[in-house]
Ligand code: M6R
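Residue numbers (the numbering used here): 120 to 729.
Here is the structure:
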């Protein structure tokens, strides 16, 4: 995680750095800092503080920095060392001439630090980053570029770096391996950033620095080298996307706004992807013959995207008859997956920058697999690593809790499953057409659910005092239960577990008493009767039950404390509908408890460390 932005050019660096940093705050927000070279002396000067970037802005009002045309800045998500001013970046060396910002983890920092301490270096922070500054200092008898190159070769792990040196006030050095870093090319100015949106209003000309590459930037020069020192001719890309609106538009939080955007996101997806009853998956880059040829799929994803993948397994197996394995990305690469030429890997990620998912994809690629991805962010690292990309086009998702990106991933998985089933002739044309018709109804059913936002929020508020929640579902709503629990715990900090309802009697039932709340997904389906039996089991143990049921199911009211109804639809599509009340429950409980729903503690929107 962490966001980096650096500048060298003809303009004042500070406003550019702060403005860019604000756009990277989704990567971490526990502390931030900025460092410039004061060109009169020249010397480095830094300002840093704990908390969000607005705190840094406040600090700069009272403790400003002199004018400068070169600087680096950073927003942090702590890995080594608590969030604090001292641990915030940039970090410096003993001479106070070198400044470093870093994203990623230096795995061998302890051993490097021990050697440096023995040599007399004094460390101020608990971070792994600080070793980089001291190592560069160690190599400072060489020129700046060589000193950084020598340092980098000593580092193990994944990292993106920005470095400046007051003896070289015209030079900014950047390097990456594992963690993303781009270079923005301007007129008499150049930038480095963790992500394109941070600089997109300054330049659309970018170099996506590759793993194992280092760049030297001056205001009118960019040179790229491999870590081994070989000069590289970089590819310059012209970014064609724009960054969409990032305003709350009258909603109290981005999360609430994004929940309400879901009807629109799906309407747009269906209108561009469904023509008549044909599914169009532009970007997939697989012919029908290739789609017929695969005999297994492996889905890799993290968090909410993993839950979407689990729903994907149920629907792809059911509709297309292909066996699907779903792994959390961080486990995939360590379990020796058996990948054959007939395996299709599907990576799912909102950001397309999730380090675990990228690592899983690289692992699968190395084994010769074909990679496709479902991704929201255009031009992301995942998109660039994939053979084919299905963009969800859900628009920027700012709230850390994934909402519209999740339902967009689900919708795309339905389209993919339908496409696969048609080319493999697994379901009849009639069944496929009926399902497509039902799918196209979903946005209007969303509108109907969202009309009940207030009554769902009332249920959330009334139950916000519970100290523990269980979420239960069966079959393709088992992943919905996992997602409901994740949503609640990440924004309200209430312990919440998602379980397959049938598994409850194998352990979790021990938790149930009058102090636990249980959210039961009891929508009409083949497993409805079994879910009702589970509800009875909870009732007999005095658990407080909130049911999500299908409109018209009046009898369930007698068995539970609260019911949230969703409109009736094809049972196969219910995960799409169930998601909304689950999001609203989590949101209303978290806001009732006064939590920062858009930027929950300890989290970041994009998880770029493994
Ligand atoms: O950007 P990605 O979809 O790859 O992110 C994966 C997870 O980090 C993400 O879904 C996370 O679990 C969300 N905070 C959940 O709301």
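Virtual Cβ for every residue (Gly too), placed ideally from N, Cα, C. Keep in mind that this is a model prediction, so the values were computed, not measured.
N-terminal and C-terminal residue of the alpha helix (DSSP H) that residue i is part of
| i | result |
| --- | --- |
| residue 647 | 647-659 |
| residue 179 | 172-181 |
| residue 541 | 523-542 |
| residue 433 | 422-439 |
| residue 577 | 572-581 |
| residue 132 | 132-142 |
| residue 704 | 693-711 |
| residue 730 | The requested residue 730 is not part of the displayed model; the chain covers only 120 to 729. |
| residue 409 | 407-412 |
Any non-hydrogen atom of the ligand M6R within 7 Å of residue i CB
| i | result |
| --- | --- |
| residue 520 | yes |
| residue 424 | yes |
| residue 729 | no |
| residue 198 | no |
| residue 726 | yes |
| residue 469 | yes |
| residue 714 | no |
| residue 609 | yes |
| residue 476 | yes |
| residue 421 | yes |
| residue 473 | yes |
| residue 722 | yes |
| residue 319 | no |
| residue 605 | yes |
Residue i and residue j closer than 8 Å at C-beta
| i | j | result |
| --- | --- | --- |
| residue 639 | residue 601 | no |
| residue 461 | residue 412 | yes |
| residue 190 | residue 152 | no |
| residue 562 | residue 382 | yes |
| residue 192 | residue 140 | yes |
| residue 706 | residue 378 | yes |
| residue 423 | residue 605 | yes |
| residue 427 | residue 529 | yes |
| residue 68 | residue 400 | Only positions 120 to 729 of the chain appear in this structure, which leaves residue 68 out of reach. |
| residue 334 | residue 343 | yes |
| residue 733 | residue 593 | This structure does not reach residue 733, given that the chain is present from 120 up to 729, and the question cannot be answered. |
| residue 159 | residue 196 | no |
| residue 492 | residue 505 | yes |
| residue 108 | residue 717 | In this structure the chain extends from 120 to 729, so residue 108 is not present and cannot be described. |
| residue 596 | residue 443 | no |
| residue 471 | residue 448 | no |
| residue 60 | residue 599 | Nothing can be reported for residue 60, as the shown portion of the chain is limited to 120 through 729. |
Enclosing beta strand (DSSP E) for residue i [first to last residue]
| i | result |
| --- | --- |
| residue 564 | Unbroken run through residue 564 is the alpha helix (DSSP H), 548-569; no beta strand (DSSP E). |
| residue 126 | 122-127 |
| residue 169 | 162-169 |
| residue 342 | 340-345 |
| residue 190 | 189-195 |
| residue 669 | 663-669 |
| residue 592 | 588-592 |
| residue 508 | 507-510 |
| residue 677 | From DSSP, residue 677 is part of no beta strand (DSSP E); its letter is neither H nor E. |
| residue 214 | Counting along the chain, residue 214 falls outside any beta strand (DSSP E), and DSSP gives it neither H nor E. |
| residue 157 | 150-157 |
In chain order, which continuous runs of the alpha helix (DSSP H) of length 4 or greater are located wholly inside the region 358-389? List check, alpha helix (DSSP H) in window: 373-379.
Kindly confirm or deny that the region 664-679 and the region 709-728 touch, where touching means at least three C-beta pairs closer than 8 Å. Taking a contact to require three or more Cβ pairs closer than 8 Å, the region 664-679 and the region 709-728 do not qualify as touching.
To test your reading of the DSSP string, which unbroken beta strand (DSSP E) runs of 3 or more residues are found completely within the region 599-639? The qualifying runs are 615-619.
Taking 8 Å as the cut-off, does the region 525-544 touch the region 427-444 (at least 3 CB pairs, one atom from each stretch)? The region 525-544 and the region 427-444 touch, with three or more beta-carbon pairs separated by less than 8 Å.
What are the uninterrupted segments assigned as alpha helix (DSSP H) that are 4 or more residues long and contained completely in the region 226-311, given in chain order? The alpha helix (DSSP H) runs of length 4 or more contained entirely in the region 226-311 are, from start to end of the chain, 228-237, 249-257, 263-273.
Could you tell me which whole alpha helix (DSSP H) segments of length 4 or greater appear in the region 449-499? As far as the region 449-499 is concerned, its whole alpha helix (DSSP H) runs of at least 4 residues are 474-485.
Are there three or more Cβ pairs, one per stretch, closer than 8 Å when the region 207-217 is compared with the region 247-261? Segments in contact, yes.
Three-pair Cβ contact test at 8 Å for the region 236-249 versus the region 293-307: By the Cβ criterion, the region 236-249 is not in contact with the region 293-307, since fewer than three pairs of Cβ atoms, one from each stretch, lie closer than 8 Å.
For the 8 Å Cβ check, are there 3 or more pairs between the region 558-576 and the region 612-625? In short, these stretches do not touch, since the Cβ pair count stays below three.
Would the region 625-633 count as touching the region 642-649 if we require 3 or more Cβ pairs under 8 Å? With the cut-off at 8 Å, the region 625-633 and the region 642-649 do not touch.
Please give the ranges of any beta strand (DSSP E) in the region 316-342, keeping only runs that are unbroken, at least 3 residues long and fully inside the region. Counting only runs of 3 or more, we get 324-327, 332-337.
Should the region 544-557 be called in touch with the region 489-500, which here means at least 3 C-beta pairs below 8 Å? The region 544-557 makes no contact with the region 489-500: fewer than 3 CB pairs, one atom from each, lie closer than 8 Å.
I want to know whether the region 471-480 touches the region 414-421 - three or more CB-CB distances under 8 Å. Output reads yes: the region 414-421 touches the region 471-480.
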